[in-house]
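These notes concern the structure reproduced below.
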Amino acid sequence: MSRISNIKCHKLVNSRGDWTIQTRVELEDGSVGSQVVPEGASKGEHEAVYIPVGKAVDVVTSALGSVLHGEDVFDQQNIDKILVEVDGTENKRNLGANSILSVSLAAANAAAKSLKIPLYKYLGKMYGNSDFAFPTPLFNVFNGGKHAYNNLSFQEFIVIPAKRYAFDKAYEIGVDVYDRLEKALEAGGHDTDVGDEGGFAPSGFTTSGVFELLRKAARGKYKVGDDIFFGCDIAADSFREMWRYLIHEENLSLNTQGLFDYHQQILSENEIIYYEDPFAENDERGWELLMKEFKDRALIVADDLTVTNAKLLKGVIKKGLANAVIVKPNQIGTLTETMEFIEAAKKANMAIVVSHRSGDSAEDTFIADLALAVRADFIKAGAPARGERVAKYNRLLDIYYDKFIDNVDVSA
1 MSRISNIKCH KLVNSRGDWT IQTRVELEDG SVGSQVVPEG ASKGEHEAVY IPVGKAVDVV
61 TSALGSVLHG EDVFDQQNID KILVEVDGTE NKRNLGANSI LSVSLAAANA AAKSLKIPLY
121 KYLGKMYGNS DFAFPTPLFN VFNGGKHAYN NLSFQEFIVI PAKRYAFDKA YEIGVDVYDR
181 LEKALEAGGH DTDVGDEGGF APSGFTTSGV FELLRKAARG KYKVGDDIFF GCDIAADSFR
241 EMWRYLIHEE NLSLNTQGLF DYHQQILSEN EIIYYEDPFA ENDERGWELL MKEFKDRALI
301 VADDLTVTNA KLLKGVIKKG LANAVIVKPN QIGTLTETME FIEAAKKANM AIVVSHRSGD
361 SAEDTFIADL ALAVRADFIK AGAPARGERV AKYNRLLDIY YDKFIDNVDV SA
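Letter 205 of the sequence shown, counting from 1, is numbered 205 in UniProt numbering, and no numbers are missing.
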């Protein structure tokens, strides 16, 4: 047993130039675990609440530091139970999800340090897993929506290496396609500025035009539909106004059926196997239509619909609205609740996608260890560019090469 002796917290700047917090959990044996909290630009309505950074620092150092003093750091469920109870609300609006999550994850980091084992092994032990496998990376190579200052409505355009590739080769493919895409943009006279998540973000493209460009970047080296596939995070809530979906770059104002028809055309014309948040979170009819038509050929991925919340997930499973889910610990606020969500989704045979946020930091690689620990199907950490994005992929690559591994299946 190793007990918590002190908790510290201070401000730190994230990748968007905004303030966030970093928390340090110190143990009696001298071990220290730290955690920086990410923040998203595109948020689901039911995500746990963030509080202002200054207040969050005070909450962690005073309220949470005192209630957790002397607690056993290896009892993560008890730590998270205390955090949830002290807050006392469903959405963590009193103490803030950012305050609570920073302590929850920092405690797990401290526990791993105390045991002198890699974080993914400690998380795997918590999850009841010692048989690790690498997730397939989802590379967000072209940004739009709230992640960029261009005209695109859809938020992320994703390149996905085929599942048959080991992690090192999949990473190489992602980097190569990204480089080839940059050259294709330059050849076409487009700028190569990047968005919040490292993907290119030039203006003047439509949805179909982006997929055309991705296909051009792959041509001659990778076979689309065999070596690589495409994906998209539509983030439909971000361009819905007054019950209409406004795709400004094509002068379209669509109702649910109209957007379904638009999706149907995009999915039919491209080698897309991943389709995230295709309708607004309260537009169940749209989700039902898409699942009925495409569930056997693509992952219909819930993010805003479920926000890493096991209670919301139950309804999605019952209604058959999605066959894959995004996992973002900061949407719910504690590690225990995150793992409960993952377990519930797995029991329903849903694919697991562990994800970053657009406001992230190079100091934080927690999701890489989490993805490995729970045998997630995919990890989505942005483009293979910008320090805060590649830090997650590089963490997995380090594990792959170092083979910390006793039971890691490196060919998964």
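The beta-carbon is built from N, C-alpha and C at its ideal position, and this holds for glycine as well.
- Taking C-alpha positions only, V103 is separated from P202 by approximately 39 Å.
- The Cβ neighbour count for K169, taken over all protein chains shown within 10 Å, is under 16; the residue is labelled exposed.
- Here DSSP, grouped into helix, strand and coil, assigns G96 to coil.
- The region 308-328 makes contact with the region 274-289, as at least three CB pairs between them are under 8 Å.
- Annotation for G387: A362 place their beta carbon closer than 7 Å to its own, counting only its chain and skipping 5 residues before and after.
- For D304, there is no enclosing beta strand (DSSP E), as DSSP gives it neither H nor E.
- Per the coordinates, the alpha-carbon of E186 lies some 11 Å from the alpha-carbon of D193.
- Shortest Cα-Cα distance from L254 to any of N270, P278 and D233 involves P278.
- P52 counts as exposed, since fewer than 16 other beta carbons sit within 10 angstroms of its beta carbon.
- The continuous stretches of alpha helix (DSSP H) do not include Y275, which lies in the beta strand (DSSP E) extending over residues I272 to E276.
- For I79, the enclosing alpha helix (DSSP H) stretches over residues Q76 to D87.
- Assignment of R244 by DSSP, reduced to helix, strand and coil, places it in the strand class.
- The C-beta distance from Y400 to F139 rounds to 17 Å, too long to meet the 8 Å contact threshold.
- Among the bridge pairs identified by DSSP, T136 is matched with F378.
- In the DSSP assignment, T61 falls outside any beta strand (DSSP E), carrying neither H nor E.
- If the five residues before and after V86 are omitted, its C-beta is found closer than 6 Å to the C-beta atoms of V67, all from its own chain and listed in chain order.
- Residue environment: G88 is assigned as exposed (fewer than 16 neighbouring CB atoms within 10 Å of its CB, all protein chains considered).
- Going by DSSP, D398 is part of the alpha helix (DSSP H) stretching over G387 to D402.
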